[in-house]
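Residues 13 to 574 in the working numbering are what the sequence shown lists, from first letter to last. Quick reminder that beta carbons are idealized off the backbone N, C-alpha and C, glycines included.
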Amino acid sequence: MTGLLSHLRRAVPVIFAGALLLVYGSVRPVFAEIVHFSIFSVNDFHGHIQSQDPTPGVTREQRLPVGGAAYLSGHLKRQAAGKNFTFVGVGDLVGASPLISSLTEDQATFHVLGEMGMRFSALGNHELDRGFQWLATQYRLGCKSKWNPSQCLFDGFDSLKIQYLAANVSTSEYLPKVFLPYIVEEKNGLRIAYIGLVTQDTPKLVVPTGILGLVFKDEVEALQGVLDQIRRERVDVVVVMLHEGGAVVDRSRDTPSSASSDCSPLQGNLRRILDQLPAGVDVLLTGHTHQEYICTHKDTLVVQGLSYGTRLSEVMLRFDTATRTLLKKDAVNHVVTQDSSVRDERIERLVTQAREQTAARSQALVADNVPGLTRAKLRDSESSALGNFIADLMYHFEPAGNVDAALINTGSLRSDLSPMNGRMTYGDIYSVQPFGNDWVVVSLTGEQLLTALRQQWEGRRDGRARFMQVSESLEISYIRSGDTLSVETVKIKGDPISLDRQYRLVINSFMFAGGDGFDIFAKGQNAIVLGRDIDLLQQSFKANLKKILASQQFLQPRVVLR
Ligand SMILES: [Zn+2]
13 MTGLLSHLRR AVPVIFAGAL LLVYGSVRPV FAEIVHFSIF SVNDFHGHIQ
63 SQDPTPGVTR EQRLPVGGAA YLSGHLKRQA AGKNFTFVGV GDLVGASPLI
113 SSLTEDQATF HVLGEMGMRF SALGNHELDR GFQWLATQYR LGCKSKWNPS
163 QCLFDGFDSL KIQYLAANVS TSEYLPKVFL PYIVEEKNGL RIAYIGLVTQ
213 DTPKLVVPTG ILGLVFKDEV EALQGVLDQI RRERVDVVVV MLHEGGAVVD
263 RSRDTPSSAS SDCSPLQGNL RRILDQLPAG VDVLLTGHTH QEYICTHKDT
313 LVVQGLSYGT RLSEVMLRFD TATRTLLKKD AVNHVVTQDS SVRDERIERL
363 VTQAREQTAA RSQALVADNV PGLTRAKLRD SESSALGNFI ADLMYHFEPA
413 GNVDAALINT GSLRSDLSPM NGRMTYGDIY SVQPFGNDWV VVSLTGEQLL
463 TALRQQWEGR RDGRARFMQV SESLEISYIR SGDTLSVETV KIKGDPISLD
513 RQYRLVINSF MFAGGDGFDI FAKGQNAIVL GRDIDLLQQS FKANLKKILA
563 SQQFLQPRVV LR
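So, in structure tokens, the structure goes:
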């Protein structure tokens, strides 16, 4: 607090130049009582405690490795030194995590972030990837739960202590109470309300059976409700942690990067929320879209710090506790460089421990001579080599029976496949398919399949299509005219689709349960669950790799948009 006097109203200790005096009653300094307070945050960390394999990110300017929990912690310590501060999360702390975290049931990440001082976070959609009951169990029983195959791995960690905030989620009375809408924290004479919100799209992003009994409400309406409620609580500053965000879509516009920038270049769901944002929100920490921006919308400071712990966001508040006014606010996204002088060795030891505990499983060899495959679109198409390849492995999986096609939602391909020297390990394949879905085989009529194709864009709030990846037996073209998309042709095993015929399809349980807005798959007939995707992929690799590689068919575009 660099020489400034802080006056704590309640307990009335006065901190001056490092000395602590206790004064009573009417002693008041004559000048303004300024408190500086920083809110550090991280959004979309996704269990990236490791600093390599794969490196979670690089700086845009130079190809410098960034991220890693030990470095994040080190930068936090450096930036927070001598300051009044809180460290919070903005959702997706875990979920779709690399093996080093997910094989520990994300204990490793919860423990590390807890050790860094995180006490609460907005809920993200990915926290619900394994279902609400999984998250509830992490609180109640933690690693002592018999559901937890990895047991308690870390001294001093037995259950989840980070409180998730979700003001727009209501939970059935039959479920355990896990979330709070908000927390008011009093620190250094400041009362700050932290309100958590998760994207209203969550039901479309997670397996619907995992969130039975939960209702996700409009973010702005829920926020308004909390603001009305906390008016009585003498709150000085309102911080909203929103697990939803924006992005700059128009490439001719610059990404806003300072408190003096306007938020108008940001599009997406954040745009709708900003347009309706109630007055009285001082800071809006955002996430979900993995973007980096800082801007001001009316009186609200808006921040997002990329993802995977490659940025540490800091909001700096300057507050006058005499008049109880927020004088200034500013923000910066610190780049989490992997500078050995900042590495937190205590956190690094925890990461090493997690790596040792998960290494044997993640390095197990699954298949040899596997090419590197990416999610990049093949020439003039919506297909990718990796998408084609995975769909073919599903299509050729023998226990599925005689099937007509396989389809997979693009969002389920979490990363590119990059085996070292062709040696594909469990860790390699896991990073492509980390969600723990099952493969499901189901019969749809041609008409229902066409509906599924249209559901790739119908009913989406952002209006953008997300095209599925398909097996070699399918050829699909779409036409865009103006703002409307339509299906042009569908060929299955070389023949045009027939509306009345039944087609046997392999898909995943996320799609079958209505994820990504595909509610048509559940209306199919004779559904059979084949088993967990990661296990079946390994089997199919062993059985079909040679055949798929020999044909090279996976390098051909299958889904075309005209
Ligand atoms: Zn998210």
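Reduced DSSP secondary structure (H/G/I, E/B, other) of residue i
i: T469; result: As written in the sequence, residue 469 is Trp, which differs from the Thr given in the question. Note: W469 maps to coil in three-state DSSP.
i: S113; result: helix
i: C307; result: strand
i: A259; result: strand
i: F566; result: helix
i: G143; result: coil
i: H408; result: coil
i: K229; result: coil
i: Q74; result: coil
i: R476; result: coil
i: P508; result: strand
i: S424; result: helix
i: K189; result: coil
i: G292; result: coil
i: I174; result: coil
i: L88; result: helix
i: A376; result: coil
i: R336; result: coil
i: V454; result: strand
i: A555; result: helix
i: K95; result: coil
i: G62; result: Correcting the residue type first, residue 62 is Gln in the shown sequence and not Gly. Note: Q62 maps to coil in three-state DSSP.
i: M436; result: strand
i: D528; result: helix
i: L125; result: helix
Residue i versus residue j - alpha carbon distance
i: K389; j: S396; result: 5 Å
i: F524; j: A418; result: 12 Å
i: L153; j: I285; result: 36 Å
i: T527; j: P193; result: Residue identity differs from the one stated: residue 527 is Gly in this sequence, not Thr. Looking at the two C-alpha atoms, the distance is approximately 25 Å.
i: L497; j: Q537; result: 28 Å
i: L297; j: I560; result: 46 Å
i: S276; j: Y305; result: 12 Å
i: V502; j: Q568; result: 16 Å
i: A481; j: H300; result: Sequence inspection shows Gln at residue 481; the Ala mentioned does not correspond to that position. Straight-line Cα distance between these residues: approximately 23 Å.
i: L456; j: K89; result: 56 Å
i: L108; j: A44; result: Sequence inspection shows Ala at residue 108; the Leu mentioned does not correspond to that position. A108 and A44: Cα-Cα distance of roughly 48 Å.
i: G237; j: V571; result: 45 Å
i: I61; j: V348; result: 12 Å
i: E470; j: H123; result: 41 Å
i: I402; j: N55; result: 30 Å
i: T183; j: S563; result: 51 Å
i: C164; j: C155; result: 5 Å
i: H48; j: G201; result: 10 Å
i: L339; j: I46; result: 9 Å
i: L209; j: N449; result: 26 Å
i: L385; j: M432; result: 12 Å
i: S319; j: H302; result: 5 Å
i: L313; j: S85; result: 24 Å
i: R492; j: R391; result: 18 Å
Chain B contact for residue i (CB, 9 Å cutoff)
i: V293; result: In the structure shown, chain B does not exist; there is a single protein chain.
Neighbourhood of residue i by C-beta, 6 Å cutoff - its chain only, sequence neighbours within 5 removed
i: L573; result: E394 and Y490
i: N400; result: F566
i: H408; result: N556
i: S325; result: S53, V315, G317 and N345
i: P188; result: A148
i: T308; result: A271
i: L278; result: G258
Neighbourhood of residue i by C-beta distance below 7 Å, restricted to the same chain and skipping five residues each side
i: V100; result: I51, S53, M130, F132, S133, Y206 and M253
i: I112; result: I61, Q62, A120, A366, R367 and T370
i: Y151; result: S171, L172 and V190
Neighbourhood of residue i by C-beta, 8 Å cutoff - its chain only, sequence neighbours within 5 removed
i: E245; result: V196, R203 and A205
i: V378; result: M436, T437, Y438, D440, I441, Q550, F553 and K554
i: Q445; result: I402, S424, L425, R426, D545, I546 and L549
i: R336; result: D248
i: I174; result: G101, L105, F122, L125, G126, M130, R131, F132 and S133
i: V363; result: I61, Q62, S63, G80, A81, A82, I112, A120 and V124
Residue i Cβ short of 8 Å to ligand 3 heavy atom set
i: A539; result: In the structure shown, ligand 3 is absent; the only ligands present are ligand 1.
* **Check your reading: residues with Cβ closer than 5 Å to ligand 1 heavy atoms** => D104, G136, N137 and H300
* Three-pair Cβ contact test at 8 Å for the segment 436-445 versus the segment 371-379 -> yes
* Any chance the segment 530-542 sits against the segment 446-461, with 3 or more Cβ pairs inside 8 Å? -> yes
* Touch check for the segment 209-223 and the segment 263-274: three-plus C-beta pairs under 8 Å? -> no
* contact_flag[the segment 91-98, the segment 281-295] where n(CB pairs < 8 Å) is 3 or more -> no
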